[in-house]
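Step one of this worksheet: look at the structure below.
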Amino acid sequence: MVANTKKEREPLFHIAKRTDIAAWKKWLVRLIALAGSLLIAGLVSAFLTDFGKFGDFFNYLFTGAVGTTWRIQVLFQNWAILMCISLAVTPAFKMKFWNIGAEGQTLIAALAAVTVIWYLGGKVAEPVLILIMFAASILAGAVWGVIPAIFKAYFGTNETLFTLMMNYIATHLVLFAVNAWATDGSAVLGVLDHGSFDGIFGLEYIQNVVFVTIVTVIMFIYLKFAKHGYELEVVGESVNTAKYIGINVKKVIIRTMIFSGVLCGFAGFLLVGGSTTPTVNADLVGGRGFTAILVSWLAQFNPIVMIFVTLLVVFLERGAAQAANSMRLGASSAFVNIVVGIFFLLIIASEFFVNYRIVFKKKGGK
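Residue numbers (our numbering): 3 to 368.
Pasting the structure below:
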């Protein structure tokens, strides 16, 4: 009687870990999630306008991202910045140091570059100005990254809260600087006359892409083959194991966050100097520091896979912005966030089916 009661109370299904799923099945699940996200985004756009224009969303999605040569160039420019920031957070995340501060680290680096332009622009030769901008951006990003690392290594602070707090400090430093410089009371700095290296070496519109591609290769080698890459992975797996085999955990934490900060600094430098309109404002990074976290995680911290994930995200952003403008869906930034949010939601949810399976109870309780 007791046995029958136990059988009746057994759940109809349980969740089991997958151990033998083929690689092509993993990618099939992810492609289905991608297709589903596009379908839902199309339905949302049709609901907001006219269901008879359901196909217009997909037309604008592609033409908005790759419809002209200029749009393709902008697509890859945006890819370069997001890719650089995604690379920056990757070493820290592999070490399980939850760096949520890439937004602030990039923004403070951009502020450093603009500060150099503001005080030295027109007073020194342009190549010298760009070199000083580069050094200032790298230094600012490294400092903004190493501060929470020092507190984590020596005082055990929570790096998530600390790096998040640093974002707010960076934002308000930018607001303070812009208000001080914009003497007309507009609180808008405007485009600066110096500091742009866009078009050097005949690489107009694509110099950022070239630079970030080189950084991607370096990061792949660093994580895959360098001793430092091995050490941060060991620290991420187990701090006790790392200490047991002689790894200086504090040193690894600080070194890795300096490296992440340097890459964010480089991204900030590209945002200012790699643009035809060098300037700074509180929204310059545009949330890429947070998007980069999702990109890095979805790529499973693999720089090569990250190339395609980043390109897909930027494609959706550019295409959704065009769809919002053409279909008169209100603020384009809001609709872009909806489309990209649906994409991330379904892709992350699909990872459940990649890693787990649902096992239903068979008839007879077996």
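Note that beta-carbon positions come from the ideal geometry of N, C-alpha and C, so glycine has one too.
Euclidean distance between Cα positions of residue i and residue j
i      : j      : result
ILE257 : GLN107 : Reading the sequence as shown, one finds Arg at residue 257 and not Ile. Approximately 16 Å, taken between the alpha carbons.
THR279 : ILE171 : 25 Å
PHE164 : PRO150 : 6 Å
VAL356 : ASN304 : 18 Å
HIS16  : PHE362 : 7 Å
MET167 : THR173 : 10 Å
ASN80  : VAL219 : 19 Å
ASP22  : LYS28  : 11 Å
PRO93  : LYS245 : 19 Å
MET3   : LEU30  : With a pLDDT of only 48 at MET3, under 50, the local geometry of the prediction cannot be trusted, and the value read off the model is given with reservation. Between MET3 and LEU30, the C-alpha separation is close to 46 Å.
LEU347 : PHE268 : 30 Å
THR281 : THR185 : 15 Å
LYS373 : ILE306 : One cannot answer for residue 373 here, as it falls past the ends of the chain, which runs 3 to 368.
TYR358 : ASN250 : 36 Å
LEU177 : ARG320 : 27 Å
THR243 : GLY158 : 18 Å
GLY69  : GLY270 : 28 Å
VAL287 : GLU105 : 7 Å
GLN324 : ALA67  : 8 Å
VAL148 : LYS98  : 16 Å
VAL237 : VAL254 : 8 Å
ALA336 : ASP52  : 19 Å
ILE260 : LYS19  : 37 Å
PHE310 : ILE216 : 16 Å
ILE247 : ALA48  : 59 Å
VAL126 : ALA326 : 44 Å
Whether residue i touches residue j by CB criterion (8 Å)
i      : j      : result
GLY143 : HIS196 : no
ALA82  : ASN210 : yes
ALA115 : ALA138 : yes
PHE292 : SER39  : no
VAL342 : LEU313 : no
TRP120 : THR162 : no
SER334 : GLY275 : no
ALA112 : LEU331 : no
LEU41  : ILE110 : no
SER88  : SER298 : yes
VAL316 : LEU33  : no
GLN75  : TYR207 : yes
Element boundaries [beta strand (DSSP E), containing residue i]
i      : result
ILE360 : 358-362
PHE15  : 15-19
Residue range of the unbroken alpha helix (DSSP H) whose run includes residue i
i      : result
PHE199 : Here PHE199 belongs to no alpha helix (DSSP H), and DSSP marks it neither H nor E.
PHE59  : 56-68
ASN169 : 161-183
THR92  : 71-96
PHE213 : 209-227
VAL46  : 25-50
ILE110 : 104-122
ARG146 : Reading off the sequence shown, one finds Trp at residue 146, where the question assumed Arg. Counting along the chain, the alpha helix (DSSP H) containing TRP146 begins and ends at 128-157.
LEU313 : 305-328
ALA189 : Segment: none, ALA189 is in no alpha helix (DSSP H) and carries neither H nor E.
ALA294 : 290-300
VAL287 : Segment: none, VAL287 is in no alpha helix (DSSP H) and carries neither H nor E.
ALA245 : Residue 245 is actually Lys in this sequence, not Ala. 241-246 is the span of the alpha helix (DSSP H), which, as asked, contains LYS245.
Whole-number beta carbon distance between residue j and residue i, since they are thought to touch under 8 Å
i      : j      : result
PHE64  : ALA43  : Contact flag wrong, Cβ pair sits at about 13 Å.
GLU235 : LYS96  : 6 Å
ILE134 : VAL145 : 16 Å between Cβ atoms; not a contact.
TRP265 : CYS86  : It is Leu, not Trp, that sits at residue 265 in the sequence shown. Their Cβ separation, rounded to whole angstroms, is 6 Å, which keeps LEU265 and CYS86 in contact under 8 Å.
LEU36  : ILE350 : With a Cβ gap of about 12 Å, LEU36 and ILE350 do not count as contacting.
LEU191 : ASN283 : 7 Å
LYS252 : ALA189 : Not confirmed; about 42 Å, so no contact.
TYR62  : MET308 : With a Cβ gap of about 27 Å, TYR62 and MET308 do not count as contacting.
Proximity test, residue i beta-carbon vs the ligand NAP heavy atom, cut-off 7 Å
i      : result
PHE268 : Looking for the ligand NAP in the displayed structure turns up nothing, as the structure carries no ligands at all.
Legend entry - Whole alpha helix (DSSP H) elements within the region 248-284, 4-residue minimum: 251-275
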